[in-house]
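Following: one structure in structure tokens, then a few remarks.
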Amino acid sequence: DQQVKQNSPSLSVQEGRISILNCDYTNSMFDYFLWYKKYPAEGPTFLISISSIKDKNEDGRFTVFLNKSAKHLSLHIVPSQPGDSAVYFCAASVASGSRLTFGEGTQLTVNP
Amino acid sequence: GAGVSQSPRYKVAKRGQDVALRCDPISGHVSLFWYQQALGQGPEFLTYFQNEAQLDKSGLPSDRFFAERPEGSVSTLKIQRTQQEDSAVYLCASSFRVGQPQHFGDGTRLSIL
């Protein structure tokens, strides 16, 4: 039972445009959500998080949106840069600090 | 460095051998997690420590897997009588306290021949 799903295995965008990565979850007990970026042969790097009491959190070029009723979150990257090319993982937890449940990841490619 | 450090980076073992994977968390981080990542998948939770106490080991796939953190800092994940399906990247993560994001090491890639 995949509780966190990223339905797009890959996404390709042009440099300077917006990248939108999507994530759906099924467990209504999840109340803390995170996005991680992963380069080959490296561990995941934390990008941004959001708790269920919010519907938006912004950090520089990265914004995460949470729609609790739809059990959906998205990561917006504006403007996209070639260095953003990586695998992006969505993750969720029941309490902020407990075990993370990850999606399968989306490979983002930003073309110069 | 100041990040989570894992060793070895790569480990090749024959089926049936025992292996031990080490994790040095960020100094002062109370929480420590182990995850297993199969090729093309997201990381999957194995076990969780708060200081030296193992609070959750529900993700360990069999009794061949054992983890410890005896002094509340360095942790070791041990796999006994390895099987081919144990081949994966093993990731360690730590966080300063509850409510803070987990920070990951670069993982140990384990290959069982």
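Each protein sequence line maps, in turn, to chains A and B. When the letters of the first sequence are read in order and numbered with my numbering, they come out as residues -7 to 104. When the letters of the second sequence are read in order and numbered with my numbering, they come out as residues 153 to 265. Even glycine gets a Cβ: it sits at the ideal position worked out from N, Cα and C. Since we're looking at a predicted model, the values are computed, not measured.
Asked: Beta-ladder partner(s) of E220 of chain B, from DSSP; Found: B:T228
Asked: Per-residue burial, L262 of chain B [other beta carbons within 10 Å of its own, 16 or more giving buried]; Found: buried
Asked: Limits of the unbroken beta strand (DSSP E) element including F185 of chain B; Found: 183 to 189
Asked: Inter-residue CB distance, C15 of chain A and G95 of chain A (contact presumed, cutoff 8 angstroms); Found: 6 angstroms
Asked: Min CB distance D258 of chain B to chain A below 8 angstroms; Found: yes
Asked: Secondary structure of E237 of chain B, DSSP reduced to three states; Found: helix
Asked: Assigned exposure category for S43 of chain A - 16 Cβ within 10 Å defines buried; Found: exposed
Asked: Residues of the region 198 to 226 of chain B with Cβ closer than 8 angstroms to any Cβ of chain A, in chain order; Found: Y200, D208, G211
Asked: Contact residues within the region 174 to 189 of chain B, judged by C-beta distance below 7 angstroms to chain A; Found: S183, F185
Asked: Exposed unless 16 or more other CB atoms sit within 10 angstroms - verdict on I45 of chain A; Found: exposed
Asked: Contact belief for A84 of chain A with T98 of chain A at Cβ below 8 angstroms, rounded distance in angstroms; Found: Actually they are not in contact, since the Cβ atoms of A84 of chain A and T98 of chain A sit about 15 angstroms apart, beyond 8 angstroms.
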